[in-house]
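Residue 239 in my numbering sits at position 234 of the sequence shown, with consecutive numbering throughout.
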Amino acid sequence: MPRHLINFKNWSREELLKIIDKSIEIKKNPEKYRNALEGKSLAMIFQKTSTRTRVSFEVAMTQLGGHAIYLDWRTTQFVLADIRDEVRYLSRNVDCIMARLLKNADLQLMADASLVPVINGCDEKYHPCQAITDLMTMKEKKGSLEGIKLVYIGVHNNVCNSLIEICSKLGVEITTVTPLTHEPALDQELLDEAKRSGFYKTETDVKKAVKDADFVYTDTWVDMELFLDPKFKEEKEKRIRLMMPYQVNSQLLAESEAYVMHDMPIHRGYEISGEVVESPRSIIYEQAENRLYTAKAILLTLLSAE
Ligand code: CP
Numbered sequence: 006m007p008r009h010l011i012n013f014k015n016w017s018r019e020e021l022l023k024i025i026d027k028s029i030e031i032k033k034n035p036e037k038y039r040n041a042l043e044g045k046s047l048a049m050i051f052q053k054t055s056t057r058t059r060v061s062f063e064v065a066m067t068q069l070g071g072h073a074i075y076l077d078w079r080t081t082q083f084v085l086a087d088i089r090d091e092v093r094y095l096s097r098n099v100d101c102i103m104a105r106l107l108k109n110a111d112l113q114l115m116a117d118a119s120l121v122p123v124i125n126g127c128d129e130k131y132h133p134c135q136a137i138t139d140l141m142t143m144k145e146k147k148g149s150l151e152g153i154k155l156v157y158i159g160v161h162n163n164v165c166n167s168l169i170e171i172c173s174k175l176g177v178e179i180t181t182v183t184p185l186t187h188e189p190a191l192d193q194e195l196l197d198e199a200k201r202s203g204f205y206k207t208e209t210d211v212k213k214a215v216k217d218a219d220f221v222y223t224d225t226w227v228d229m230e231l232f233l234d235p236k237f238k239e240e241k242e243k244r245i246r247l248m249m250p251y252q253v254n255s256q257l258l259a260e261s262e263a264y265v266m267h268d269m270p271i272h273r274g275y276e277i278s279g280e281v282v283e284s285p286r287s288i289i290y291e292q293a294e295n296r297l298y299t300a301k302a303i304l305l306t307l308l309s310a311e
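Set out below in structure tokens:
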């Protein structure tokens, strides 16, 4: 059975730390890995839009000596056939599949049918590749993950789930200020497990939460597949009204020394002010750049080239 990266449920603390450290090492010594995946192919299939996930995995494969194939779901036979049949074929021709699908249930079908590793490129419940990058960025910035405090402010969504999951596994304190949950993202088992770890807390007072945070993190209030959907317009407006007091801005951070993170794409003037994006405390673009190094580390780990 191939090893998949769907979420972190089957990944140990040691394995996750190894990927984070490998990402940092690859960033420092890219030449060492120049031909590590020579002759290997990655299929990247997208049901949703992407900039970073597509670019980072495609460039990662090129720089590792391999090859990536971009597949827009709508132009493949996935639209008219059983996912399992298409994946049984696909996994006979490539060495790894990275998929950004609307539904985690479909990704699970894909993983069950695949002969090669399947990587979750972000579904409605999880965004594991982003969370690995985020912890890599935090470790890079502070030198260690020991004693670090992360505060997530926004809608409880897929990014929030993966951050809670990885932080509680690695022993990094995470506090979430999430007045609203995006219902499709809900994973009670993940939250229960995180609560048991003692590293996951929730807070309603956003000012109090950021005061001694090392990193303040925010994300879009509306998931990408719904952002431009006219059917979601009313809910989007409702969310903006409810979430505006939780915007990450200079006033909120006045008494905080925290670095600011965002997984991008950014909606300036909504979840974060333009001023904070441009401020020295913002590490958003470094964080986004790091997607490349974690993509390489994930590929090398799953393809056992290391
Ligand atoms: N953060 C992230 O996954 O970016 P994209 O949606 O552009 O891939």
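Just so you know, even glycine gets a beta-carbon here, dropped at the ideal spot from N, CA and C. Please read these numbers as outputs of a predicted model, since none were measured by experiment.
- Counting other Cβ atoms within 10 Å of its Cβ, Asn98 stays below 16 and is therefore classed as exposed.
- Ranked by Cα distance from Pro285, the options Tyr264, Trp16, Arg296, Leu258 are led by Tyr264.
- With three or more CB-CB distances shorter than 8 Å, the segment 212-228 counts as touching the segment 154-172.
- With fewer than 16 other CB atoms across the displayed protein chains lying within 10 angstroms of its CB, Met249 is exposed.
- Residue state for Glu280 is assigned as helix, using DSSP reduced to three classes.
- Counting other Cβ atoms within 10 Å of its Cβ, Met266 reaches 16 or more and is therefore classed as buried.
- Taking the C-beta atoms as reference points, Ala48 is found no nearer than 8 Å to Phe62.
- In the three-state scheme derived from DSSP, where H, G and I count as helix and E and B as strand, Cys127 is classed as coil.
- In this structure, Cys172 is the residue among Thr209, Asn254, Ile137, Cys172 with its C-alpha nearest to the C-alpha of Gly152.
- With a contact defined as Cβ atoms closer than 8 Å, Tyr75 and Arg59 qualify at about 7 Å.
- Cβ neighbours of Val121 within its own chain (closer than 7 Å, five residues either side excluded): Pro7, Ser96, Val99, Asp100, Cys101, Ile102.
- Nearest C-alpha to Pro35 among Gly70, Tyr290, Lys23, Leu21: Gly70.
- Judged by DSSP in its simplified three-state form, Ile153 adopts coil rather than helix or strand.
- Distance from the CA of Val253 to the CA of Leu42, rounded to the nearest whole angstrom, comes to 40 Å.
- Runs of the alpha helix (DSSP H) lying entirely within the segment 6-84 and spanning at least 4 residues, in chain order: 18-33, 57-68.
- Comparing alpha-carbon positions, the option among Gln68, Arg105, Met115, Val64 lying closest to Ala86 turns out to be Met115.
- Each of Ala214, Glu262, Lys45, Ala65 was checked against the Cα of Glu294, and the nearest Cα belongs to Ala65.
- With a 10 Å radius around the Cβ and a threshold of 16 neighbouring Cβ atoms, Asn166 comes out buried.
- Taking Gln135 as reference, the option from Ala259, Gly176, Leu10 with the minimal CA-CA separation is Leu10.
- Within a 10 Å sphere around the beta-carbon of Ser287 sit 16 or more other beta-carbons, which makes this residue buried.
- Counting only runs of 3+ residues, the beta strand (DSSP E) found wholly inside the segment 132-214 occupies 154-161, 178-186, 205-207, in chain order.
- Lys301 and Gly44 have their C-alpha atoms some 15 Å from each other.
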